[in-house]
Amino acid sequence: MIDGIKVVAFDIDGTLYPAYRLNVRIIGHFFANALQFLHFGLIRRQLRRTAPLGDLFEYQARLLGERLKVSSQEAHKILDDMAYNGLAKYFKDIKPYKDVPETFAKLKEAGYRIALLSDFPPEQKGDLWGLKPYCDKILSTEKIGALKPSKYPFGVLSMELGVAPEEILYVGNSAKYDVLGAKNAGMKTAYLEPLWRRLLGLHLKEADISFGNYRQFQKYALE
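This note's numbering numbers the first residue of the sequence shown as 1227 and each following residue consecutively.
Below, the structure written as structure tokens:
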């Protein structure tokens, strides 16, 4: 492990479980709500460039309402049915990456504190595959008011844990949102590399650690 690390923090979506397992399950749901998902994606891009908000959910609903020509209240319901409660049921049969529970257990045994910081509601994933008992802090960037790669949610995570940013290793699967976001906030980073990067040997230079599976991550973190 990198010297001075006290906390290992993880992204959730695409980092603790393979994103394709969700994408395959929601194909029908996606096409049934294709227009809403299109606008939602465009709004999320805008929000990633927006300063921290007092109520991100309300602003997001207002933007969607303007696009769909509906009230903010109706937009809230659309968002809930489409992206929040509407997706929650699909996580029931999704399993995490191999060795994720073991990794959390071993990190805890080694004395590290563990945290989760996600752009989507952590509670959407139910019991988080039994990982909650290992976590010292679980935060949603949406509730904080700013999506990754904003430095703000990473700063809040550091403050909530009571440690300096450089004492946190943030683990994620997105080069732009996870690695660069955490790096710009002063944290160390671990990048779950996609297969194409591994095959081509194109490792992300901005990441302090790059790994292809959690068994490999354990070697970096615990040996």
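Each residue gets a CB set at the ideal place from its N, CA and C atoms; glycine is no exception.
It should be emphasised that the depicted structure is a prediction, and the values quoted were computed from it without experimental measurement.
Cβ-based neighbour list, residue i, same chain, cut-off 6 Å, excluding 5 preceding and 5 following
| i | result |
| --- | --- |
| residue 1329 | 1440, 1444 |
| residue 1368 | 1282 |
| residue 1399 | 1240, 1241, 1418 |
| residue 1326 | 1242, 1440 |
Cβ shell of residue i (< 8 Å), same chain only, five flanking positions each side left out
| i | result |
| --- | --- |
| residue 1288 | 1298, 1301 |
| residue 1392 | 1230, 1412, 1413, 1414 |
| residue 1334 | 1340, 1360 |
Within-9 Å CB hit, residue i to chain C
| i | result |
| --- | --- |
| residue 1293 | No chain C appears in the structure shown, which is made up of a single protein chain. |
Exposure label - residue i; buried when at least 16 CB within 10 Å
| i | result |
| --- | --- |
| residue 1374 | buried |
| residue 1437 | buried |
| residue 1322 | buried |
| residue 1269 | buried |
| residue 1246 | exposed |
| residue 1359 | exposed |
| residue 1235 | buried |
Cβ separation of residue i and residue j, assumed to be a contact under 8 Å, to the nearest whole Å
| i | j | result |
| --- | --- | --- |
| residue 1416 | residue 1435 | 4 Å |
| residue 1364 | residue 1342 | 5 Å |
| residue 1278 | residue 1371 | 4 Å |
| residue 1252 | residue 1316 | 5 Å |
| residue 1314 | residue 1350 | 5 Å |
heavy atom of the ligand SAM below 8 Å from residue i C-beta
| i | result |
| --- | --- |
| residue 1363 | Among the ligands in the structure shown, none appear at all, so the ligand SAM cannot be discussed. |
Bridge partner(s) assigned by DSSP for residue i
| i | result |
| --- | --- |
| residue 1269 | Residue 1269 pairs with nothing; no bridge assigned. |
| residue 1395 | 1234, 1414 |
| residue 1263 | Residue 1263 is not bridged to any residue. |
| residue 1436 | 1417 |
Beta-carbon proximity list for residue i, same chain, < 7 Å, skipping 5 on both sides
| i | result |
| --- | --- |
| residue 1339 | 1232, 1233, 1362, 1387 |
message: I'd like the ranges of any alpha helix (DSSP H) spanning at least 4 consecutive residues and lying wholly in the segment 1289-1375.
response: Listed in chain order, the complete alpha helix (DSSP H) runs (minimum 4 residues) inside the segment 1289-1375 are 1298-1305, 1311-1314, 1326-1335, 1367-1370.
field: Runs of beta strand (DSSP E) lying entirely within the segment 1229-1260, each at least 3 residues, in chain order
entry: Taking only runs of at least 3 residues, the beta strand (DSSP E) segments lying wholly in the segment 1229-1260 are 1233-1236.
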